[in-house]
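Down below is the structure, laid out as structure tokens.
Residue numbers (the working numbering): 24 to 234.
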């Protein structure tokens, strides 16, 4: 018994002392692959920046916007389905419902912090986008001018409202509700805004200039 007691005491004496400079284990937290994938599944941009760029460029920013959403989604899910971002951006009216369906899938059920109607928003965008194009063509041919031109320009309001709600849902799906990772306006953005303002000026002048 005495020998066993001495052996236990010896084992206790040779135990390594804890490293006082090591960080607590609870502070070490690795990002899971699922979280990392969700963070880059869709294009993230803040709502104010999206509105400024879309309206200022008269909707041209929408091409880049759709392209980036499909490009990001393809990077994470390309092995499961064939996606060509460029055609889906140029023919966005045929793929908007597919985009919102994928955003809804990534969001998952029970997201009470996100209130949106994916199908309604996609339909709103498609209807007003088609209407705007038709009205613009009629105005270009002098049919119903200037009212057709005014209505074509006015259609950008419901289109923007629908897309910004889709963008808000995409931000939530990527774990960045405020779009803080892409809220800074760059010099490239300012150049596009400047060109857009010039286009807006020409469009408004064209509406009220005598034929």
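In this text, a Cβ means the ideal position worked out from N, Cα and C, and glycines have one as well.
Straight across, the Cα-Cα distance linking residue 84 with residue 124 is about 22 Å. With fewer than 16 other beta carbons inside 10 angstroms of its own, residue 98 counts as exposed.
Assigned with DSSP and collapsed to three states, residue 139 falls in coil, not helix or strand. Under the rule that a run must span 4 or more residues, the alpha helix (DSSP H) segments found entirely inside the stretch 147-223 read 170-177, 179-196. Per DSSP, reduced to three states, the secondary structure at residue 107 is coil, with no helix or strand assignment. Per DSSP, reduced to three states, the secondary structure at residue 66 is coil, with no helix or strand assignment. In the pairwise beta carbon analysis, the stretch 160-170 is classified as not touching the stretch 61-73: fewer than three pairs are separated by under 8 Å. The alpha-carbon separation between residue 193 and residue 180 amounts to approximately 20 Å.
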